[in-house]
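Colleague: Residue numbers (my numbering), protein chains in the order written: chain B, 500 to 684; chain W, 73 to 1047.
One structure, as structure tokens, below. Some questions next.
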């Protein structure tokens, strides 16, 4: 089921009509991370977060290309990010896919706090996570806002001792996305 | 589910939590003392389990580990790549340990070996998160990803979302008293059971009043209620009787992160969290960090908790590894940043306040809503500072009586601040007041100048002042003026502990002294207490404890298990024990059994050196002790606990190889080098355990040792019982024994059965020899008989008239024409008869001789039949020693001549050949005479019998359409 969602994100294929009513998609969610180390603050973001939510089955999937992150304090830093830390050629994508714990009524507009439980794959390593997020159910769209953190050690991202003071061990991540129903064509 | 939801939201908790965190920052808390053992250093343990024998098992990423207080032993599944990380441990009712693994494997531990559990359906491929056996004996397995399994009649069945399970990711499993399985998932709680063999599932979620859908931990408490630990919203309790939730901890105020483990106690629980360390949850939530070196990080992740049979609480965390503490002891060494030390007197009053004094200060502690202690204040408290208070008592009206060293007694009503002062001017006999006790309106003061007594005039107005004092001195019958302690017993007697005159009792105005120097080792009495049977216990300055009951006196010293002879205070713990406080800690003495448990440095005590009688018992039964290092609180445990080491014989080695030693095992005479490995389980202080063992049947004396191994080489045959007992102090009396009986058999040649068998064997052999001899004689006789018959037959044949008639006719026909030949013929005939006479007595003759005989016979016959009788030989490879019964061939040829037509048209062809090495074949073409010669078969039968009697292969006779074949075995030698 989650695999299906991932494939939907990937292919953006013509939809099966019945799915249109319950699957919400985004192609341009924003994801931002910040590393607040004693000596340096690094921030980068991507607006190419792709995601899908199946409101019937209460499942979801997100994915983002690691090379789509921009910002950083210098182009060199971005290069290091992709080549040394994230190894973006080996592990081009990060993913988070799973299920929504709370049984909320997606047909009722309002703001909900939900917990998303799933597998977070980053740098090729998968960890099970429960991530709390704000969900706004609006007229024909869903808005998602989630703030969480990632421990580098949990994903086997090692930092050379030299730059220890410049990169935080806990990276803060901010996700904002607006989902629209999947259209029939 | 139609559960009623009762939600107690105590807003105060939010405030309390804040307050608490602040206070904690200031660094005070009542803390348990955590310790660890060197063997456990660096061990990361995710599961702690105690089996029914008292052994502790640890689930780790590197397999299952067994810990006996001294050594760790790892148990791995055989040949199991992946089945290493242990995620569930359970002991079924047969004592078999079940182990669940991260990769879904399940194992059972039998006879020191983990064996894979391999149901036909296969094991899960995801983490086993719980194992349970229901009252019917069915095994249940919870998984993280595949839902719930149960095993029935050898088959594994699954319960998942299709059956109504709230989610297949199961975090935790618990069985309730009704035999139902509770599982905690991301969708709340699912209760599963079987009804008439059908799967039943009932779900409890947010809709039913559960505060949080993610249920991480379920534990049943002693009352049968279910404690529920959640991801975000802390703890709640499901009351089984009323089917309602109790939510003592408001969801809003829980700041400790997901609950990882719960250890329910009476009315409270120890709770481990993933982000808030260790908590006790009861009337409030308190964070426990720990006294001394081992501090549980307040933001640490707790992995598991266990209470063992000794009353230790085991704790595993990501920051401290595996540590444990006495569940009953809490230490308080500072309050509001002020260190507590040199406590001289302590009192727990009926309002729940704790009063304590040092030489210069007098403090009051009260409880915050969370149950944590904090500094309190009360009116006029300031005025009592610096008073050097050394004794305290609370009377029936709630007044505190405070005895000072040198300044008489204060009577203080804390709520109002009313304060009265009694000195020698008010009639007190002496102003150094060491002990105060009361009995209703009567208050007693023990001083360094005798004792005083006052009577409260009026219960309605107890606050009257002054009070009339009555005093007793040495000359009034007290015997000495230095009185350390006064105690009023339930029967109305008042007891006094004196400095050198023993213990004295005042009854009906008469003093009675118990100061027999022959009876008591010391007459300096520091403390007196009364047990529930009315026994009076008193402690002496340096010679231990005595108990008086009627006329009987019982003494308790070092050999009785006491760890220290200088007891400064005695108190009845209200739980069947007497507590004796000394300079290193305290001893807990069971009144009924006399067993002694010591709580010293391994329990967390540093410098006790308690002042005399700095002890008090509160309304809840907790005992508060004042020490040099602060205040120690002893909470009598809810559950029974073991007071001495439990002995276990771990394994038996025979010639240093492990042998399973079930009760009454038999060993062979040469399996007589036995070693016993044993342990006394005493996790609190394994180093204090020592053992006594003996091998009854071998030696009768107990051998005292600190080793955990006893070896007996070269045991003679016999019946033995290995007996073991252990203690953590000097007292082995009443120590429960572990024993194992076994038997070493004598060597087989000394066993009765062997001698019997040998006797019978000899008899049988003798019988056989006799029988054999008889048989051989019989056979020989029979052979002889046969021979005689044969000879008779042969003779009868040879001299039968036909043969003679034929021979003579032949002779007549040639006698005239060829007289020379006739002479030869007669010579042959004579040869023939001579040979026959010569051979007939022999059993065997050589084949050559037989053939020679046959030639003579043939010569005679040929003369008659001419070329119509033809005999051919094919005896090329005749063995040199080949033998044959005499006249066998002649008889066969004769038989052939007798039964067949012999004419020119139909010649009789007889062929004699050797077939292989061992048979001689005589064959002739078959052309039977019809009806002329009646065949009696006696000739053949005769030959056959002879062979049989000789015990050789039998002769074989075959008759085909055209041929008659006889095979006779060739015999090897003449026997």
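Think of the CB as a built atom: it goes at the ideal place given N, C-alpha and C, for glycine as much as any other residue.
Who does residue 936 of chain W pair with in a DSSP beta bridge?
Modeller: For residue 936 of chain W, which the question treats as bridged, DSSP gives no partner whatsoever.
Colleague: According to the Cβ coordinates, are residue 189 of chain W and residue 197 of chain W closer than 7 Å?
Modeller: Not closer than 7 Å, so no.
Colleague: Label residue 756 of chain W either buried or exposed according to how many other C-beta atoms from any shown protein chain fall within 10 Å of its C-beta, with 16 as the threshold for buried.
Modeller: With 16 or more Cβ atoms within 10 Å of its Cβ, residue 756 of chain W is classed as buried.
Colleague: Compare the C-beta of residue 371 of chain W against all C-beta atoms of chain B and say whether one is closer than 7 Å.
Modeller: So, not an interface residue.
Colleague: Please list, in chain order, the residues of the region 286-305 of chain W that have any C-beta partner in chain B closer than 9 Å.
Modeller: Answer in chain order: 286, 303 and 304.
Colleague: DSSP beta-bridge partners for residue 253 of chain W?
Modeller: BP columns for residue 253 of chain W point to W/247 and W/264.
Colleague: Counting contacts by CB-CB distance shorter than 7 Å, is residue 600 of chain B in contact with chain D?
Modeller: The chain labelled as chain D is not found among the protein chains of the depicted structure, namely B and W.
Colleague: For my contact list, residue 594 of chain B and residue 561 of chain B are in at a C-beta cut-off of 8 Å; report their separation, rounded to the angstrom.
Modeller: So it is a contact: roughly 7 Å between Cβ atoms.
Colleague: Under the DSSP definition of a beta bridge, which residues are partnered with residue 241 of chain W?
Modeller: Looking at the DSSP assignment, residue 241 of chain W forms a beta bridge with W/216.
Colleague: For residue 745 of chain W, which residues of its own chain have a beta-carbon under 6 Å away from its beta-carbon, when the five flanking residues on both sides are left out?
Modeller: The residues are 727 and 785.
Colleague: Just verifying my parser: in three-state terms, what is the DSSP assignment at residue 754 of chain W?
Modeller: Of the three classes helix, strand and coil, the one that applies to residue 754 of chain W here is coil, per DSSP.
Colleague: Once you ignore the five residues that flank residue 385 of chain W on each side, which residues in its own chain have a CB closer than 8 Å to its CB?
Modeller: Excluding residues within five positions, the ones whose Cβ falls inside 8 Å are 104, 335, 342, 377, 378, 379, 396, 397, 398 and 399.
Colleague: Any beta-carbon of chain B closer than 7 Å to the one on residue 258 of chain W?
Modeller: Chain B, which has a Cβ nearer than 7 Å to the Cβ of residue 258 of chain W, makes this yes.
Colleague: Could you tell me which chain W residues have their CB closer than 8 Å to the CB of residue 696 of chain B, listed as they occur along the chain?
Modeller: Outside the modelled stretch of chain B, which goes from 500 to 684, sits residue 696 of chain B, for which no answer is possible.
Colleague: Leaving out five residues before and five after residue 95 of chain W in sequence, what residues of the same chain have Cβ atoms less than 7 Å from its Cβ?
Modeller: Because the pLDDT of residue 95 of chain W is 39, which lies under 50, any placement of that residue in the model is unreliable, and the number read from its coordinates should be weighed accordingly. Taken in chain order, the residues that qualify are 444 and 446.
Colleague: Given 8 Å as the limit, is there contact between the region 555-571 of chain W and the region 602-612 of chain W, that is, 3 or more CB pairs closer than that?
Modeller: Taking 8 Å as the limit for Cβ pairs, the verdict is that the region 602-612 of chain W does touch the region 555-571 of chain W.
Colleague: With distances taken from CA atoms, which of B/567, B/673, B/598 and B/589 is nearest residue 624 of chain B?
Modeller: If we check each option's Cα against that of residue 624 of chain B, B/589 comes out closest.
Colleague: Can you pull the chain W neighbours of residue 616 of chain B, defined as C-beta to C-beta under 7 Å?
Modeller: Result: 258.
Colleague: DSSP beta-bridge partners for residue 298 of chain W?
Modeller: DSSP lists W/292 and W/310 as partners of residue 298 of chain W.
Colleague: Does the beta-carbon of residue 215 of chain W have 16 or more other beta-carbons within 10 angstroms, so that it is buried, or is it exposed?
Modeller: Residue 215 of chain W comes out buried.
Colleague: In whole angstroms, what is the alpha-carbon distance linking residue 183 of chain W and residue 163 of chain W?
Modeller: Rounded to the nearest angstrom, the two C-alpha atoms are 14 Å apart.
Colleague: Buried or exposed for residue 839 of chain W, going by 16 or more other Cβ atoms inside 10 Å?
Modeller: The residue in question, residue 839 of chain W, is exposed, as its Cβ has fewer than 16 Cβ neighbours within 10 Å.
Colleague: Which of helix, strand or coil does DSSP assign to residue 840 of chain W?
Modeller: Note: residue 840 of chain W maps to helix in three-state DSSP.
Colleague: What are the boundary residues of the beta strand (DSSP E) that includes residue 113 of chain W?
Modeller: Premise fails: residue 113 of chain W is in no beta strand (DSSP E) and is neither H nor E.
Colleague: Could you spell out the range, first to last residue, of the beta strand (DSSP E) harbouring residue 109 of chain W?
Modeller: Where residue 109 of chain W is concerned, there is no enclosing beta strand (DSSP E), given that its DSSP letter is neither H nor E.
Colleague: Can you tell me whether residue 649 of chain B is buried or exposed? The criterion is at least 16 other CB atoms within 10 Å of its CB, across all chains shown.
Modeller: Looking at its Cβ environment, which holds 16 or more other Cβ atoms inside 10 Å, residue 649 of chain B is buried.
Colleague: Would you kindly work out how many angstroms separate the C-alpha atoms of residue 682 of chain B and residue 274 of chain W, rounded to a whole number?
Modeller: Cα-Cα distance, rounded: 39 Å.
Colleague: With a cut-off of 8 Å on the beta carbons, I'd call residue 992 of chain W and residue 982 of chain W a contact; round off their distance for me.
Modeller: Wrong, their Cβ atoms sit about 13 Å apart, outside the cutoff.
Colleague: Based on Cα-Cα distance, which residue from B/620, B/609 and B/571 lies nearest to residue 655 of chain B?
Modeller: If we check each option's Cα against that of residue 655 of chain B, B/620 comes out closest.
Colleague: So the candidates are W/739, W/278, W/295 and W/647; which of them puts its Cα closest to the Cα of residue 340 of chain W?
Modeller: If we check each option's Cα against that of residue 340 of chain W, W/295 comes out closest.
Colleague: Pick from W/1044, W/998 and W/1040: whose alpha carbon is nearest that of residue 1033 of chain W?
Modeller: For the residues W/1044, W/998 and W/1040, the minimum Cα distance to residue 1033 of chain W belongs to W/998.
Colleague: Judging by CA-CA distance, which residue of W/969, W/995 and W/987 is the nearest neighbour of residue 1041 of chain W?
Modeller: Among W/969, W/995 and W/987, the Cα nearest to that of residue 1041 of chain W belongs to W/987.
Colleague: Exposed or buried, residue 527 of chain W, counting other C-beta atoms within 10 Å across all chains shown (16 or more means buried)?
Modeller: By the neighbour-count rule (16 or more Cβ atoms within 10 Å), residue 527 of chain W is not buried but exposed.
Colleague: By DSSP, does residue 605 of chain W sit in helix, in strand, or in coil?
Modeller: DSSP places residue 605 of chain W in coil when its eight states are reduced to three.
Colleague: Whose CA, out of W/990, W/1014, W/762 and W/904, lies closest to the CA of residue 859 of chain W?
Modeller: Comparing Cα positions, the closest option is W/1014.
Colleague: Do you know offhand how far residue 607 of chain B's Cα is from residue 639 of chain B's?
Modeller: Taking the straight line joining both Cα atoms gives about 11 Å.
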